[in-house]
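Asker: Just dropping this structure here.
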Amino acid sequence: MELLRSNLSRVRIPEPTNRIYKQECCISFDSPKSEGGLFIDMNTFLAFSKECVIWNYEKTRNPVYLHIKQTKKSIPEDRPLKKPTRLAIGLDGGFDNNEPEYEETVSIVILPDFVSLPFPSVELPEKVRLAVDAILLADGAERKEQLASWIADKKQVSAFATNLQQIDDGVVIPRSGWKCCKCDKTDNLWLNLTDGMIFCGRKNWDGSGGNNHAVEHYKETNYPLAVKLGTITADLGAADVFSYPEDESVEDPLLAKHLAFFGIDFSSLQKTELTTAERELDQNTNFDWNRIQESGQEMEPLYGPGYTGLVNLGNSCYLASIMQVVFSTQSFCSRYYKNQNLKLAFETAPADPTLDLNMQLTKLGHGLLSGKYSIPAEEKADIARSTTPIKQEGIPPRMFKAVIAASHPEFSTMRQQDVLEFFLHFLDQVERANAVKPELDPVKSFKFGIEERLLCSSEKVAYNKRIDYILSLNIPLHEATNKEQLEAFLKLKAEKSLEGKEVSGDEIVRPRVPLEACLATFSAPEEVQDFYSTALNAKTTALKTAGLTSFPDYLVLHMRKFIMEGWVPKKLDVYIDVPDVIDISHMRSNGLQAGEELLPEEGIVIMLFFLFKIDLVPIIEIHYSFCLIPLQFQKLSWLHGLPKEIFLLYYLDVGLLTFILFYFKIRGNH
Numbered sequence: 001m002e003l004l005r006s007n008l009s010r011v012r013i014p015e016p017t018n019r020i021y022k023q024e025c026c027i028s029f030d031s032p033k034s035e036g037g038l039f040i041d042m043n044t045f046l047a048f049s050k051e052c053v054i055w056n057y058e059k060t061r062n063p064v065y066l067h068i069k070q071t072k073k074s075i076p077e078d079r080p081l082k083k084p085t086r087l088a089i090g091l092d093g094g095f096d097n098n099e100p101e102y103e104e105t106v107s108i109v110i111l112p113d114f115v116s117l118p119f120p121s122v123e124l125p126e127k128v129r130l131a132v133d134a135i136l137l138a139d140g141a142e143r144k145e146q147l148a149s150w151i152a153d154k155k156q157v158s159a160f161a162t163n164l165q166q167i168d169d170g171v172v173i174p175r176s177g178w179k180c181c182k183c184d185k186t187d188n189l190w191l192n193l194t195d196g197m198i199f200c201g202r203k204n205w206d207g208s209g210g211n212n213h214a215v216e217h218y219k220e221t222n223y224p225l226a227v228k229l230g231t232i233t234a235d236l237g238a239a240d241v242f243s244y245p246e247d248e249s250v251e252d253p254l255l256a257k258h259l260a261f262f263g264i265d266f267s268s269l270q271k272t273e274l275t276t277a278e279r280e281l282d283q284n285t286n287f288d289w290n291r292i293q294e295s296g297q298e299m300e301p302l303y304g305p306g307y308t309g310l311v312n313l314g315n316s317c318y319l320a321s322i323m324q325v326v327f328s329t330q331s332f333c334s335r336y337y338k339n340q341n342l343k344l345a346f347e348t349a350p351a352d353p354t355l356d357l358n359m360q361l362t363k364l365g366h367g368l369l370s371g372k373y374s375i376p377a378e379e380k381a382d383i384a385r386s387t388t389p390i391k392q393e394g395i396p397p398r399m400f401k402a403v404i405a406a407s408h409p410e411f412s413t414m415r416q417q418d419v420l421e422f423f424l425h426f427l428d429q430v431e432r433a434n435a436v437k438p439e440l441d442p443v444k445s446f447k448f449g450i451e452e453r454l455l456c457s458s459e460k461v462a463y464n465k466r467i468d469y470i471l472s473l474n475i476p477l478h479e480a481t482n483k484e485q486l487e488a489f490l491k492l493k494a495e496k497s498l499e500g501k502e503v504s505g506d507e508i509v510r511p512r513v514p515l516e517a518c519l520a521t522f523s524a525p526e527e528v529q530d531f532y533s534t535a536l537n538a539k540t541t542a543l544k545t546a547g548l549t550s551f552p553d554y555l556v557l558h559m560r561k562f563i564m565e566g567w568v569p570k571k572l573d574v575y576i577d578v579p580d581v582i583d584i585s586h587m588r589s590n591g592l593q594a595g596e597e598l599l600p601e602e603g604i605v606i607m608l609f610f611l612f613k614i615d616l617v618p619i620i621e622i623h624y625s626f627c628l629i630p631l632q633f634q635k636l637s638w639l640h641g642l643p644k645e646i647f648l649l650y651y652l653d654v655g656l657l658t659f660i661l662f663y664f665k666i667r668g669n670h
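Residue numbers for the sequence shown follow the UniProt record's numbering, beginning at 1 and rising by one.
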């Protein structure tokens, strides 16, 4: 105990704003359920596995840790199966989901000798007891970040909050013991902020939740705002306030005043209920997505190095698919696994390793490739009576997602995202992180050069080069190899449509287009209308062809499945047939050829301008200021011009952006 007292200065009592990690190690994917448990630094509130905590001690000299260990409880083999009384899984009265129960033990550990002190204990200093209680009661930083992402958009201030009328009927809300005014529900209760009446919430699809009495009260009275009891704490911003007329969770800037009207002292209340956003998060992350995968097929699980799954964080399949592919490449495997150990990454990371991309990529690489976490989930005692297949637990990429998405307004949310856009964002962030040592940059394995040749009617040429990471390809439906089957399907579809019927999923026939045909569209000659020729000093028609100046280690192909039909985007329902071996040597560009004459460069500048596709139409009509890049790559300059002086050269779709390249005729002394 004296050893602990001598280190009290290194113990902090966490504030409500502190991020407390207690679900997962910052360096590995160990958790309280792991063999060594989890050690929480009682000064920084970062969590470490037993192997990694000594590294943190060596780096920070923080000696006092809260050790949390969760041990699975044994389940009697003869335990009777409970008969379900409600349509729910894993809830009281619902179907048994066979999830194991865990017993949690907590102790104080002092490094470097791992001296352990039991908790709770009256002999512990009060400062330590208060710190431990605050850590155990607080929501973990991992869940807070995930929840913040799920909420996504900042809650709007309700239009009804400022002038909310409150009825003084002498209602005083007690600190506890709440119950719905119309039924016996004692959870999921909502306090109407106008009249102080307490009612239960909505009924969920699975039978859980309330009995809809709160929303029924609104329909009867039109009293607009309600707050969920059990979510009110000293942090009023986290309280769950719902606006019925606005039909969404909102912010009430006068919530303290509205609560005080009914005698509620929010500063002393503790959180006892999940907010609406927390419930949505739980339902989405716990949903068994395997039920909609590989329909009708029995899948064999794989285990070992390189076969580690990623846990669903809620709409995170775009991230998981990219990271599984990226870490199957030799470049990322070498950079963040074979040639980078966890200890070195932690030693070179800043004070908070959860905010360091290099650390979190190394953690993810070791988690996916080491095989440490690719083991079958332990068999449950009553597995023989369960239809749930045994599968591996996988690893949750929470910390990686938080750091890679921190600077992006879309990826930092829990909404579904475009996988190509995320891939390009990911490569950009990794390239920036390796800027100091570009020789270590694994992104260069995806990098290649594209050269475009323009031949105008003067028989003179221009060559434009650029670097890219993806090759975007059109899909030529007229090259489909199953045209006869397609014609028969379209005939069947028309016949069923006349009968008022729809074709079944088994009857659908999709076009099958060879990948070679898609690659051919990239190199195929393309006419460019209204091309400004510096040789003719006039607009003319040019012929554009493209080729590759270099070949990457890994060529990423983007199939343009979205097309425009009458300015309405439509997604092609098509299969791409990919052979085992593809020869793309014919796509090499050899640059200026003997006998070719270049177009004059004098007076011509090139501008690269990007915008969302929806802005493609009005751009030439409303934009008059341009950031111009000279062909000689001199200093950038801003010019002003009229639309008639701008000549569209070509545009290139990349992800959700359209890049437009212009020729611009310089006037006077500009």
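Glycine included, each C-beta is placed from N, C-alpha and C at the ideal position.
#1: What span of residues does the alpha helix (DSSP H) with residue 427 cover, start to end?
#2: Under 8 Å, do residue 60 and residue 102 count as touching if we go by C-beta distance?
#3: Give the DSSP bridge partners of residue 101, in chain order.
#4: Note down the Cα distance separating residue 442 from residue 335, rounded to an integer number of angstroms.
#5: Is the beta carbon of residue 28 closer than 8 Å to that of residue 271?
#6: With distances taken between CB atoms, is the gap from residue 111 to residue 65 smaller than 8 Å?
#7: Alpha carbon to alpha carbon, what distance is there between residue 267 and residue 11?
#8: Can you tell which of 471, 501, 509 has its C-alpha closest to the C-alpha of residue 487?
#9: Tell me, to the nearest whole angstrom, how far the beta carbon of residue 529 is from that of residue 541; I am working on the premise that it is less than 8 Å.
#10: Could you tell me the boundaries of the beta strand (DSSP E) in which residue 747 lies?
#11: Less than 8 Å between the CB atoms is what I'm expecting for residue 451 and residue 589, so what's the real figure, rounded?
#12: If I measure Cβ to Cβ from residue 466 and keep anything under 7 Å in the same chain, skipping five residues before and after, which residues do I get?
#13: Out of 172, 232, 440, state which residue places its alpha-carbon closest to the alpha-carbon of residue 339.
#14: Of the choices 38, 199, 50, whose alpha-carbon is the least far from that of residue 185?
#15: When the distance is taken between beta carbons, is residue 68 closer than 8 Å to residue 117?
#16: In the structure shown, what three-state DSSP assignment does residue 442 receive?
#17: Return the bridge partner residues of residue 546 from the DSSP annotation.
#18: Using the rule of at least 16 other Cβ atoms within 10 Å of the residue's Cβ for burial, across every protein chain shown, is residue 398 buried or exposed?
#19: If we count Cβ pairs, one from each stretch, closer than 8 Å, do we get three or more for the stretch 44-61 versus the stretch 15-35?
#20: How long is the line joining the alpha carbons of residue 132 and residue 213, rounded to whole angstroms?
#21: In this structure, how does DSSP classify residue 178 when only helix, strand and coil are distinguished?
#22: Would you kindly work out how many angstroms separate the C-alpha atoms of residue 191 and residue 135, rounded to a whole number?
#23: Please go through the same chain and pick out, in chain order, the residues whose beta-carbon is closer than 8 Å to the beta-carbon of residue 586, but skip the five residues on each side of it.
#24: Helix or strand or just coil, what does DSSP make of residue 165?
#25: Helix, strand or coil for residue 558? Go by DSSP, reduced to three states.
#26: Leaving out five residues before and five after residue 617 in sequence, what residues of the same chain have Cβ atoms less than 6 Å from its Cβ?
#27: Give a yes or no on whether 8 Å exceeds the smallest Cβ distance from residue 68 to chain B.
#28: CA-CA distance, residue 313 and residue 396?
#29: Using three-state DSSP, classify residue 468 as helix, strand or coil.
#30: By DSSP, does residue 118 sit in helix, in strand, or in coil?
#31: Just how far apart, CA to CA, sit residue 426 and residue 113?
#32: Evaluate residue 469 with the Cβ neighbour count: other Cβ atoms within 10 Å of its Cβ, from every protein chain shown; 16 or more gives buried, anything less gives exposed.
#33: Tell me the DSSP bridge mates of residue 570?
#34: With H, G and I counted as helix, E and B as strand and the rest as coil, what does DSSP make of residue 307?
#35: Measuring only the C-alpha atoms, how far is residue 330 from residue 552?
#36: Of all the options 375, 15, 574, 403, which has the alpha carbon lying nearest to the alpha carbon of residue 354?
Answerer: Let's see:
#1: If you look at residue 427, you'll find it in the alpha helix (DSSP H) that goes 419-433.
#2: If you check the CB distance, residue 60 and residue 102 do not come in under 8 Å.
#3: In DSSP, residue 101 forms no bridge with anything.
#4: Going by the C-alpha atoms only, they are around 7 Å apart.
#5: Judged by beta-carbon spacing, residue 28 lies beyond the 8 Å limit of residue 271, meaning their Cβ atoms are not closer than that value.
#6: Going by C-beta atoms, residue 111 is nearer than 8 Å to residue 65.
#7: Answer to the nearest angstrom: the Cα atoms are 25 Å apart.
#8: Per the Cα distances, 509.
#9: So it is a contact: roughly 6 Å between Cβ atoms.
#10: As displayed, the chain neither begins before 1 nor continues past 670, which places residue 747 out of reach and without an answer.
#11: Their Cβ separation, rounded to whole angstroms, is 4 Å, which keeps residue 451 and residue 589 in contact under 8 Å.
#12: Excluding positions up to five away in sequence, the list reads 450.
#13: Considering only 172, 232, 440, the residue with the shortest C-alpha distance to residue 339 is 440.
#14: Residue 185 has its Cα closest to that of 199, out of 38, 199, 50.
#15: With respect to residue 68, residue 117 sits apart: the two C-beta atoms are not nearer than 8 Å.
#16: Note: residue 442 maps to helix in three-state DSSP.
#17: In DSSP, residue 546 forms a bridge with 452.
#18: With 16 or more neighbouring CB atoms inside 10 Å of its own CB, residue 398 falls in the buried class.
#19: Verdict: yes, contact present.
#20: Roughly 39 Å between the two C-alpha positions.
#21: Three-state DSSP puts residue 178 in coil, outside helix and strand.
#22: Computed Cα separation, rounded: 29 Å.
#23: Answer for residue 586: 523, listed in chain order.
#24: If DSSP states are grouped into helix, strand and coil, residue 165 belongs with coil.
#25: Three-state DSSP puts residue 558 in a strand.
#26: Reliability fails at residue 617, whose pLDDT of 34 lies under 50, so the model's placement of it is uncertain and no value is given.
#27: Considering every chain present, this structure includes no chain B. It has just one protein chain.
#28: Approximately 7 Å, taken between the alpha carbons.
#29: Strand at residue 468.
#30: Assigned with DSSP and collapsed to three states, residue 118 falls in strand.
#31: Going by C-alpha positions, residue 426 is about 41 Å away from residue 113.
#32: Buried, since its Cβ has 16 or more Cβ neighbours within 10 Å.
#33: The partner list for residue 570 (beta bridge, DSSP) reads 563.
#34: Residue 307: coil per DSSP, three-state reduction.
#35: Residue 330 and residue 552: Cα-Cα distance of roughly 13 Å.
#36: Per the Cα distances, 403.
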